[in-house]
Amino acid sequence: MPELPEVETVKETLKKRLLGQKILDVDIIYPNIIEYPSIKQFQDKIKGQVIHNISRRGKWLLFELDNDILLSHLRMEGRYYFKDKNDLLEKHEHIIFHFHDFDLRYVDTRKFGRMHLLTKEEVQNKKPLYGLGLEPFDSELNEDYLKTKWRKKEIPIKTALLDQTVITGIGNIYVNEILFASKINPLKKASSLKRDELEKIIFHTKKILKEAIKQGGTTIKSYESSKGVHGRFQRQLLIHEKTICPICHEKIKKEKIGGRGTYYCPNCQR
DNA sequence: CAGGTCTCCTGCTAGC
DNA sequence: TGCTAGCAGGAGACCT
Numbered sequence: 048m049p050e051l052p053e054v055e056t057v058k059e060t061l062k063k064r065l066l067g068q069k070i071l072d073v074d075i076i077y078p079n080i081i082e083y084p085s086i087k088q089f090q091d092k093i094k095g096q097v098i099h100n101i102s103r104r105g106k107w108l109l110f111e112l113d114n115d116i117l118l119s120h121l122r123m124e125g126r127y128y129f130k131d132k133n134d135l136l137e138k139h140e141h142i143i144f145h146f147h148d149f150d151l152r153y154v155d156t157r158k159f160g161r162m163h164l165l166t167k168e169e170v171q172n173k174k175p176l177y178g179l180g181l182e183p184f185d186s187e188l189n190e191d192y193l194k195t196k197w198r199k200k201e202i203p204i205k206t207a208l209l210d211q212t213v214i215t216g217i218g219n220i221y222v223n224e225i226l227f228a229s230k231i232n233p234l235k236k237a238s239s240l241k242r243d244e245l246e247k248i249i250f251h252t253k254k255i256l257k258e259a260i261k262q263g264g265t266t267i268k269s270y271e272s273s274k275g276v277h278g279r280f281q282r283q284l285l286i287h288e289k290t291i292c293p294i295c296h297e298k299i300k301k302e303k304i305g306g307r308g309t310y311y312c313p314n315c316q317r
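Taking our numbering, I'd label the letters of the first sequence as residues 48 to 317.
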């Protein structure tokens with residue numbers, strides 16, 4: 048599941064080939080991927096626009112075009128593949144962008160990914176980007192900020208860290224890793240955290256995400272494709288989907304918190 | 001308003 | 001072996 052580091056990696060890979068390229072046409076095989084505007088408007092508007100830059104906000108990819116911005120969220124399993132123009136359509140390929148010499152295909156097994164085509168103005172004041180919280184590397188992210196945001200939050204810190212309106216970019220895998228590194232029990236109420244605990248969370252969030260970006264993201268499910276755009280296969284996870292704590296060697300606990308699979312060491316994380 | 005639950009979707013797996 | 005029920009999860013909709 049792509050989180051900030053994976054999206055960052057995909058962004059860099061896409062930039063290498065797409066900057067300055069004109070979108071000649073787009074085929075929409077599975078319409079539900081397109082959230083806004085209508086399918087027809089999406090096609091009509093995007094046609095002929097040149098990709099001038101590709102950036103990232105949280106887990107969203109932003110394709111900056113002549114007039115509009117194409118927003119793409121990969122959700123669980125979304126991927127982009129470069130293909131030859133005459134390659135046959137494969138299963139799970141839902142959106143095909145046609146360029147002069149190649150095609151870019153959006154592939155998504157579970158069809159959870161979403162795309163929006165908004166004007167530059169709409170991006171500023173409309174969902175889905177409006178209301179997102181701070182980027183993890185934003186200098187404004189400090190203990191005071193979290194203290195204020197979580198003052199009245201009676202939900203587990205695990206759940207609070209997944210709230211994209213506070214910090215954006217963290218998903219289920221990295222939140223498990225961040226809380227393990229911070230030695231904080233994921234069930235602790237967000238409002239109960241002390242300054243030193245908030246400080247640890249901020250420190251390890253930056254450290255873990257930075258390291259993951261450096262490695263090209265984490266890929267949990269292995270898959271192969273020479274043409275796929277994804278991070279190198281890396282496994283530097285210490286707690287997520289593990290059974291024995293690498294620090295104290297006690298049994299790692301797995302339970303659902305806020306409906307999400309949570310791994311933690313009850314001995315190390317208090 | 002805050003917090004909980006449901007929904008989307010498919011591939012994989014445990015269990016019989 | 002073959003079948004099926006159950007599970008996984010990001011974020012928005014919907015409910016309490």
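The beta-carbon is built from N, C-alpha and C at its ideal position, and this holds for glycine as well.
Beta-carbon contacts of residue i that lie in its chain and below 6 Å, excluding the five residues immediately before and after
i	result
I101	K58, L61, K62, F110
K200	A207, A237, S238
I143	D74, D150, R152
L226	P233
L117	F110, L164
K130	D150, R152
K78	The question names Lys, but residue 78 in the sequence shown is Pro. If we look at P78 and ignore the five residues flanking it on each side, its Cβ neighbours are I86.
M162	I80, I81, S119
Range of the contiguous alpha helix (DSSP H) that encloses residue i
i	result
H251	242-261
R64	51-65
E190	190-197
L284	Taken as a continuous stretch (DSSP letters only), L284 belongs to no alpha helix (DSSP H), as it is neither H nor E.
T206	204-209
Sequence-distant residues of its chain with Cβ nearer than 8 Å to residue i (five each side left out)
i	result
I291	E297, K298, I299
First through last residue of the beta strand (DSSP E) which encompasses residue i
i	result
L234	Here L234 belongs to no beta strand (DSSP E), and DSSP marks it neither H nor E.
K300	300-304
F110	107-111
L121	From DSSP, L121 is part of no beta strand (DSSP E); its letter is neither H nor E.
V73	72-75
T309	307-311
L165	161-166
I101	100-104
Proximity to residue i [Cα-Cα], best of the options
i	options	result
F184	I214, P78, V222, L209	I214
T206	V54, E302, I142	E302
Y83	H120, Q96, P52, L71	H120
T156	M48, R307, G305, C315	M48
S85	L51, L165, E137	L165
Y192	H99, R126, E246	E246
For residue i, three-class secondary structure by DSSP
i	result
D148	coil
D131	coil
E41	Coverage of the chain is limited to positions 48 through 317, which leaves residue 41 absent and any answer about it impossible.
Y177	coil
E224	helix
I294	coil
I93	helix
K138	coil
K87	helix
V170	helix
K268	Only weak support exists for where K268 lies, its pLDDT of 39 falling under 50; the coordinates are left without a value.
Local Cβ density within 10 Å of residue i, reported as buried at 16 or more and exposed below that
i	result
G67	exposed
S186	exposed
L135	exposed
C295	exposed
V54	buried
V97	exposed
R242	exposed
D91	exposed
K106	buried
E258	exposed
Cβ-based neighbour list, residue i, same chain, cut-off 7 Å, excluding 5 preceding and 5 following
i	result
P293	L285
G180	Q211, T212, V213, I214, T215
E288	Y310
E224	I255, L284, L285, I286, H287
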